[in-house]
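Here the sequence shown stands for residues 1058 to 1543, where the numbers follow my numbering. All C-beta atoms, glycine included, are put in the ideal place defined by N, C-alpha and C. Since this is a predicted model, take the numbers as computed values, not measurements. Single-structure report; data block below.
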Amino acid sequence: MKIGKKKEDNLVLQLWNKFFPYWPLFLVLLAVSVAGAWAFLQYKAPLYQASASILIKDEKKGSDESKLSESLDYLSSKKIVENEIEVLKSKSLVKQVVFDLNLYASVYQEGRFKPELVYEQSPIKIHYRNPDTIKTSQKVYFAYEPSKKQVILDNYRYSLNEWVKTRYGVMRFVPNSGNFKRTDKPLYFTLTNPKYIINSFESRLAVGAVSKLSSVVSLSIMDESPARAEDFLKGMLTGYNKILSDEKNNLAANTSSFVEDRLKYVKQDLDSIERKIQQFKSRGALDISSQGRLFLENVSTNDQKLSDINMQMAVLKQVQSYVQSKNSAGGVVPSTLGVNDPMLSQLLSKLYDAVLEAEKLKKTTAENNPTMVAVTDEINKIKPGILENIESQQRSLMASRNNLSATNGAYSSIMQQIPQKERELVDISREHSIKSNIYNFLLQRREEAALSYSSNTLNNKVVDEPEATPGPVSPNRNLIYLISIF
């Protein structure tokens, strides 16, 4: 034991004798390292994190509409959390928020060590008329005179809220509603092509489900300005709600158009049949016998089912023509009125989103662009699934229609036992009953579409409003100082 202790003492003594003479050097290196860490922290912009959460009403995960909300909103398709996450992460939504908040133009003020982003404290916000045409401009210095409400740029004075032509493009200066603080430090703004800004925010945006069994989706982003991070997430939630609202309103408008078109023809047929009944009875008042009533009672139910099937067949044919058409891009997705298949509605909604994305990309990218190719491949993969779904439903409806037609054929033998004039009246009454049922059905669907169009019900609920952390989350000052000392 004594020998081991002696060896340890000798080792410590050797190290002390070896390195102690250089203690001034270690002290200098420690001071330099800590000073370097301090300088890094002074020049490194702090990042704040903002987060929010939203509840997606996914029927598969136990979240459903109340009976009242459901009765007011007939056309909204059921949502799947995974699909909605992709919508929330989509480049088109991020682009819309960047354009709405004018994030391509940022205002800074000169600082002691680094420029400071003044998002809320800026006296003005800059709007660009055609953001897609922006050419990157760094450090465009300007001054603001609050008394005259003018911006001085390149020795020219520009009034607020007016589109003006500058050497940087057509823009306007809008007063900022934030907490503007007058400062003597020079102010300048930068203009950046929106593509780079969109990619930057898209890469920093994190969207995901809280857990596998939960339909709550969390959104978070890190940014230099906590206020800008909060506004960005608010814009994401607002834009997402607008997508849902536009989708529902487009479907309601398309359904109303389809129903109005059908109502016009059915009303004409109904008027014609009623005139025929009036003319027939004017030649002699006739009553339908018990045999005629029996025939009408037995056949009316089947006729209603046949009319429903024919309506669904017409709708499916319309959807099939839309999917097979090469010129369907940008059009409104056909209504699936009367077709109770949520899978078809989801596939059509997915196709509609992909077609819109492709239309937007065509304006800014080439056809061989990887993103454009990916969206086109997605469209080509969705279409066969929709067509297969339609063909399967058409076969099922055709079998049901043939079965009902055969049943009606058996009932028609009853007509042979009815006198000629009464048989004619039964035929007319039957035709009137069919058209009347179709007319009432279309009237009901028109009211449902109108209720859905005017309803503000959305398939989501904000759980936590966007809120930023009180202090920066990056860089970690303690960790950096610890590394520098080490």
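Local conformation of residue i per DSSP, three classes
i: PRO1172; result: coil
i: ASN1306; result: helix
i: LEU1084; result: helix
i: ALA1525; result: strand
i: TYR1225; result: coil
i: ASP1280; result: strand
i: THR1312; result: helix
i: GLU1202; result: strand
i: ALA1266; result: strand
i: LYS1192; result: coil
i: THR1422; result: coil
i: GLN1178; result: coil
i: LYS1146; result: helix
i: VAL1530; result: coil
i: ILE1209; result: strand
i: PHE1543; result: coil
i: ILE1447; result: helix
i: TYR1496; result: helix
i: ILE1330; result: helix
i: VAL1520; result: strand
i: TYR1253; result: helix
Status (buried if at least 16 other CB within 10 Å, exposed otherwise) for residue i
i: LEU1087; result: exposed
i: THR1223; result: exposed
i: PRO1523; result: buried
i: LEU1401; result: buried
i: MET1293; result: buried
i: LEU1373; result: buried
i: SER1272; result: buried
i: PRO1527; result: exposed
i: ARG1285; result: buried
i: GLN1153; result: buried
i: VAL1519; result: exposed
i: SER1449; result: exposed
i: ARG1502; result: buried
i: VAL1274; result: buried
i: LYS1124; result: Because the pLDDT at LYS1124 is just 46, under 50, the model does not fix this residue reliably, and the value given afterwards should be weighed accordingly. Exposed, because fewer than 16 other Cβ atoms sit within 10 Å of the Cβ of LYS1124.
i: TYR1213; result: exposed
i: GLN1369; result: buried
i: TYR1198; result: exposed
Distance CB(residue i)-CB(residue j) smaller than 8 angstroms
i: ILE1181; j: TYR1201; result: yes
i: ILE1330; j: HIS1489; result: yes
i: PRO1251; j: PRO1188; result: yes
i: LYS1333; j: ILE1485; result: yes
i: MET1228; j: ILE1278; result: no
i: GLY1226; j: THR1190; result: yes
i: SER1179; j: THR1247; result: no
i: SER1090; j: SER1541; result: yes
i: ALA1092; j: LYS1171; result: no
i: GLU1177; j: GLN1166; result: no
i: LYS1362; j: LEU1499; result: no
i: PHE1258; j: VAL1155; result: yes
i: ALA1411; j: ILE1443; result: no
i: LEU1290; j: ALA1107; result: yes
Selection from the options that minimises the alpha carbon distance to residue i
i: TYR1245; options: LYS1252, SER1457, LYS1196; result: LYS1196
i: VAL1144; options: LEU1262, LEU1174, ALA1107; result: LEU1262
i: PHE1230; options: SER1271, VAL1273, ARG1186, TYR1253; result: ARG1186
i: ASN1497; options: ASN1397, PRO1532, GLU1317, ALA1456; result: GLU1317
i: LYS1025; options: ARG1214, GLN1501, LYS1324; result: The question about residue 1025 has no answer here: the residues shown for the chain are numbered 1058 through 1543.
i: GLU1139; options: GLU1287, ASP1326, SER1268; result: SER1268
i: LEU1405; options: ALA1431, THR1422, GLN1375, THR1428; result: GLN1375
i: VAL1175; options: SER1204, LYS1146, GLU1141, SER1234; result: SER1234
i: SER1453; options: LEU1413, VAL1412, ASN1367; result: ASN1367
i: ALA1266; options: ARG1319, LEU1112, LYS1419, ASP1280; result: LEU1112
i: ALA1431; options: GLU1414, LEU1444, GLU1445, GLY1442; result: GLU1414
i: LYS1148; options: SER1302, ARG1534, GLY1296, GLN1451; result: GLY1296
Integer-rounded CB distance, given that residue j should sit under 8 angstroms from residue i
i: LYS1407; j: ILE1439; result: 6 angstroms
i: TYR1105; j: PRO1283; result: 4 angstroms
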